[in-house]
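Enquirer: Okay, handing you the structure first.
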Ligand code: SF4
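In the working numbering, the protein residues as written are 1 to 73.
This is how it looks when you write it as structure tokens:
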């Protein structure tokens, strides 16, 4: 029996979410990001993979098409 929920979340990944901010170090982007949906805790904003997802996803059209690490400032 096939899973009807498979790939259901593929359009709501962190990498296209307006709350996702890619982490960068001196060598470039790390492949991780932080979720800024809520205020930070003592450990900072939650660390997420670009391929994570949650029900609070809010689409940022500027991040569609793989432009996930571009600084818009
Ligand atoms: S955890 Fe949810 S709200 Fe945070 S960046 Fe990912 S999809 Fe967006």
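Quick reminder that beta carbons are idealized off the backbone N, C-alpha and C, glycines included. If you're wondering where the values come from, they're calculated on a predicted model, not measured in any experiment.
Does DSSP put residue 24 in a helix, a strand or coil?
Expert: Counting from one through the chain shown, the residue named residue 24 turns up at place 24. Of the three classes helix, strand and coil, the one that applies to residue 24 here is strand, per DSSP.
Enquirer: How would you call residue 59, buried or exposed, if buried means at least 16 neighbouring beta carbons within 10 angstroms?
Expert: Working through the chain shown from its first residue, we reach residue 59 at position 59. Classification of residue 59: exposed, given that the 10 Å Cβ count is below 16.
Enquirer: Give a yes or no on whether the C-beta atoms belonging to residue 64 and residue 16 are separated by under 8 Å.
Expert: Taking the chain shown and counting its residues from 1, the one referred to as residue 64 is at position 64. Taking the chain shown and counting its residues from 1, the one referred to as residue 16 is at position 16. Yes. Within cutoff.
Enquirer: For residue 56, collect the residues of the same chain with a Cβ closer than 6 Å to its Cβ; drop the 5 residues on either side in sequence, then sort them by chain order.
Expert: As a working note, residue 56 is residue 56 in the chain shown. Closer than 6 Å at the Cβ level, and outside the excluded window around residue 56, lie 37.
Enquirer: Are the beta-carbon atoms of residue 32 and residue 47 separated by less than 8 Å?
Expert: Against the chain shown, residue 32 aligns to sequence position 32. Against the chain shown, residue 47 aligns to sequence position 47. A distance below 8 Å separates the beta carbons of residue 32 and residue 47.
Enquirer: Sort 26, 27 and 13 by Cα distance to residue 34 and report the nearest one.
Expert: Position 34 of the chain shown, counting from 1, holds the residue named residue 34. Measuring from the Cα of residue 34, the nearest candidate turns out to be 13.
Enquirer: In whole angstroms, what separates the C-alpha of residue 6 from that of residue 52?
Expert: Numbered from its first residue, the chain shown carries residue 6 at position 6. Numbered from its first residue, the chain shown carries residue 52 at position 52. So the alpha carbons of these two residues sit roughly 14 Å apart.
Enquirer: Any heavy atom of the ligand SF4 inside 7 Å of the beta-carbon of residue 63?
Expert: Counted from its first residue, the chain shown places residue 63 at position 63. Result no, Cβ not under 7 Å from the ligand SF4.
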